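Per numbering that gives the first Met the number 0: the sequence shown = residues 0 to 306. One structure below.
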Amino acid sequence: MITMIDLNTLPDGYIERHTEQYYGLLDRLRDRKRDIVPVEGFEPGLFVALSGGVDSVTALKFACNYADNRGLRREQVHAVICTRDNSDLYEGEKRDLHYARKIAKEFAVNAKEVKVSPILRASYVTVSGSEIPILEDERICLARGFATYVLEAKLGAVSIDTTNFSENLSGQWTPGAYDGQIRLIADLFKTEVYSFARAIGVPENIIKRPKVSSELREGAVFTNYERLDPVLFNWLVGKNREEIAEALNEDLKYVERVISRVETFVGRWWEVSHDDQLDVKLWYDKLLREDELVQELHKWRVQKWLI
0 MITMIDLNTL
10 PDGYIERHTE
20 QYYGLLDRLR
30 DRKRDIVPVE
40 GFEPGLFVAL
50 SGGVDSVTAL
60 KFACNYADNR
70 GLRREQVHAV
80 ICTRDNSDLY
90 EGEKRDLHYA
100 RKIAKEFAVN
110 AKEVKVSPIL
120 RASYVTVSGS
130 EIPILEDERI
140 CLARGFATYV
150 LEAKLGAVSI
160 DTTNFSENLS
170 GQWTPGAYDG
180 QIRLIADLFK
190 TEVYSFARAI
200 GVPENIIKRP
210 KVSSELREGA
220 VFTNYERLDP
230 VLFNWLVGKN
240 REEIAEALNE
250 DLKYVERVIS
260 RVETFVGRWW
270 EVSHDDQLDV
280 KLWYDKLLRE
290 DELVQELHKW
300 RVQKWLI
């Protein structure tokens, strides 16, 4: 059985230690950016690809908090909002666009909307479309990624990635799409992102938003992370499908679907070794050996989720 503790929190002091670590990393990257852009008065800002979901809003709020702490203007916090022609938008994109615009205004950041429809149209000139709908949807992700990289490079800003651990493990990302320079929440399961977001001041209506996929058709991704995360963690630490299903009182077919997805994992980040790309458990073990914050989170997860 799972030990019943408050699932809506993180370990005592974790937020402060995480913030100190990533503020320091942002300082170093901004110093490096000044060195490689020899222009008098150049002051590198921060950059977030803003979708309107909790992950990107968390990254943007963290950037705003950093800017306030370091005496930067909110205008030096840049948010790119990628959209398409109105007639092409999925319902998820429309909802995200509404929230992204609202948050950018509320946080008083320097927001820019970029239409990726011309990029998509140009891509069909050289590469024809796929007959498989979900693969066509991934072209949207890539177009967003291209536009985001170009704008980030133009600004010379330090970017914050918006990927969380749950989505990375379950393959809910597109190879070649956008990666930020700092992986702020990449070691946090999605339910832990909710706790982190709440602690740093993300609006509650964003945290409680139903999960949608902006680019992919409805049903293409897992959306219930309170259900998903305990399954992911128990698989990571060596539990088999039947043990997980029985202990969590979970449907075995759902557990099998989750684990089947995870077992096809391919590492997203450049520091992942070839062996770790093929076995995510090796990758997690490496994080446990080398990252004190992950060690702290792991102990907390054992209390929350281990069956």
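Note that the Cβ used here is the ideal one computed from N, Cα and C, for glycine as well. Predicted, not measured: the structure shown is a model, and the values here were computed from it.
Quiz item: Roughly how many angstroms separate the alpha carbons of Gly44 and Asn204, rounded to a whole number?
Solution: For Gly44 and Asn204, the distance between alpha carbons rounds to 27 angstroms.
Quiz item: In or out: Glu15 buried (at least 16 other Cβ within 10 Å) or exposed?
Solution: Exposed, by the Cβ-count rule.
Quiz item: With DSSP run on the structure shown, which of helix, strand or coil describes Ser50?
Solution: Reduced to three states, the DSSP call for Ser50 is coil.
Exercise. Provide the residue span of the alpha helix (DSSP H) that contains Val192, from first to last.
Key: Note, Val192: alpha helix (DSSP H), Lys189 to Ile199.
Quiz item: Taking contact to mean at least 3 C-beta pairs separated by less than 8 angstroms, is the segment 179 to 192 in contact with the segment 104 to 116?
Solution: As far as the Cβ criterion goes, the segment 179 to 192 does not touch the segment 104 to 116, which means the pair count is below three.
Exercise. Determine contact between the segment 29 to 37 and the segment 218 to 227, defined as no fewer than three beta-carbon pairs at a distance below 8 angstroms.
Key: The segment 29 to 37 makes no contact with the segment 218 to 227; the number of CB pairs closer than 8 angstroms stays below 3.
Quiz item: Can you give the Cα-Cα distance for Ile306 and Asp250, rounded to whole angstroms?
Solution: Each residue's alpha carbon lies about 16 angstroms from the other.
Practice problem: Could you check the C-alpha separation between Glu262 and Glu166 for me, to the nearest Å? | Solution: Straight across, the Cα-Cα distance linking Glu262 with Glu166 is about 13 angstroms.
Quiz item: My guess is that His77 and Ala156 are in contact by the Cβ rule of under 8 angstroms, so how many angstroms apart are they, rounded?
Solution: Between Ala156 and His77 the Cβ distance is about 5 angstroms, and since that is below 8 angstroms, they are a contact.
Quiz item: Would the beta-carbon of Ser169 fall within 7 angstroms of that of Arg260?
Solution: A contact, by the Cβ cut-off of 7 angstroms.
Practice problem: With a 10 Å radius around its C-beta and 16 neighbouring C-beta atoms as the bar for buried, classify Leu54 as buried or exposed. | Solution: According to the sequence displayed, residue 54 carries Asp and not Leu. Per the 10 Å Cβ criterion, buried.
Quiz item: Under the rule that 16 or more other beta-carbon atoms within 10 Å means buried, what is Ile80, buried or exposed?
Solution: In summary, Ile80 is buried, with 16 or more beta-carbon neighbours lying within 10 Å of its beta-carbon over all protein chains present.
Exercise. For His17, collect the residues of the same chain with a Cβ closer than 8 angstroms to its Cβ; drop the 5 residues on either side in sequence, then sort them by chain order.
Key: The residues are Phe195 and Leu292.
Quiz item: To which residues of the same chain is Gly200 closer than 8 angstroms at the C-beta, ignoring the five residues directly before and after it?
Solution: Excluding residues within five positions, the ones whose Cβ falls inside 8 angstroms are Lys60 and Asn64.
Exercise. Kindly indicate which three-state DSSP category Glu245 falls into: helix, strand or coil?
Key: Three-state result, Glu245: helix.
Exercise. Confirm, please, whether the CB-CB distance from Ser158 to Phe41 is below 7 angstroms.
Key: No, they are not a contact pair.
Self-check item: Limits of the alpha helix (DSSP H) - the one that Ala78 falls within
Solution: No alpha helix (DSSP H) contains Ala78, which is instead part of the beta strand (DSSP E) from Val76 to Thr82.
Self-check item: Environment of Tyr13 [buried if 16+ CB atoms lie within 10 Å]
Solution: Tyr13 is buried by the Cβ-count criterion.
Quiz item: Are the beta-carbon atoms belonging to Glu225 and Thr190 less than 7 angstroms from one another?
Solution: A contact, by the Cβ cut-off of 7 angstroms.
Self-check item: Reduced DSSP secondary structure (H/G/I, E/B, other) of Glu112
Solution: Correct three-state label for Glu112: strand.
Quiz item: Taking C-beta to C-beta, are Ile102 and Val56 nearer than 7 angstroms?
Solution: For Ile102 and Val56, yes; Cβs fall inside 7 angstroms.
Exercise. Quick one: using the 10 Å Cβ neighbour count with 16 as the cut-off for buried, is Glu289 buried or exposed?
Key: With a 10 Å radius around the Cβ and a threshold of 16 neighbouring Cβ atoms, Glu289 comes out exposed.
Quiz item: Three-state secondary structure (DSSP) at Ser158?
Solution: Here Ser158 carries a strand assignment [DSSP, helix/strand/coil].
Exercise. Ignore the nearest five residues each way along the sequence and tell me which others in Ile206's own chain have a CB closer than 7 angstroms to its CB.
Key: Taken in chain order, the residues that qualify are Val53, Tyr193, Ala196 and Arg197.
Quiz item: Which word fits Asp278, buried or exposed, when buried means at least 16 other C-beta atoms lie within 10 angstroms of its C-beta?
Solution: Exposed, by the Cβ-count rule.
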